[in-house]
Amino acid sequence: MKCRFGDERLYDFHDSDVPERCFFCKTAVDECFIVREIQARKMIHVCADCLITRCSEYLLDNTRPWEEQK
Ligand SMILES: [Zn+2]
2 MKCRFGDERL YDFHDSDVPE RCFFCKTAVD ECFIVREIQA RKMIHVCADC
52 LITRCSEYLL DNTRPWEEQK
C-alpha cells in the first residue's frame, strides 16, 4: 500500500510487530488497534484487552488518518 501523506517514516511499525497479532500478548486477533509503543516510539498492533490493561506502555497516536486497505 503506497502512502499518500508523505510522512510514512514517522509511522514505522515496531520491528517485533506482526499485523494480525497483539504486540503485547501475541494473540491473533481480527481487529487490532494501532498505537505507538513508548520505548521504541514505533507503531504497534494491540488487542482490546491489552488496550485497557497496558495503557502505560503506549500512546494513542491519532495524528494521522489511516488509509483503507485496498
Ligand atoms: Zn493483547
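Numbering-wise (our numbering), the sequence shown opens with residue 2 and increments by one. Every residue, glycine too, gets a C-beta built ideally from N, C-alpha and C.
- When A41, F24 and A29 are compared, the shortest CA-CA separation from I35 is found for F24.
- Looking at the backbone, the Cα of C56 and that of Q40 are separated by about 13 Å.
- Within its own chain, the residues whose Cβ lies closer than 8 Å to the Cβ of D13, once the five positions on either side in sequence are excluded, are K43 and M44, listed in chain order.
- Spatial neighbours of R37 in its own chain (CB-CB distance under 8 Å, excluding positions within 5 residues in sequence) are listed in chain order as K43, M44, I45, Y59, L60, L61 and D62.
- By the Cβ-count criterion, D31 is exposed, with fewer than 16 other Cβ atoms from all chains shown falling within 10 Å of its own Cβ.
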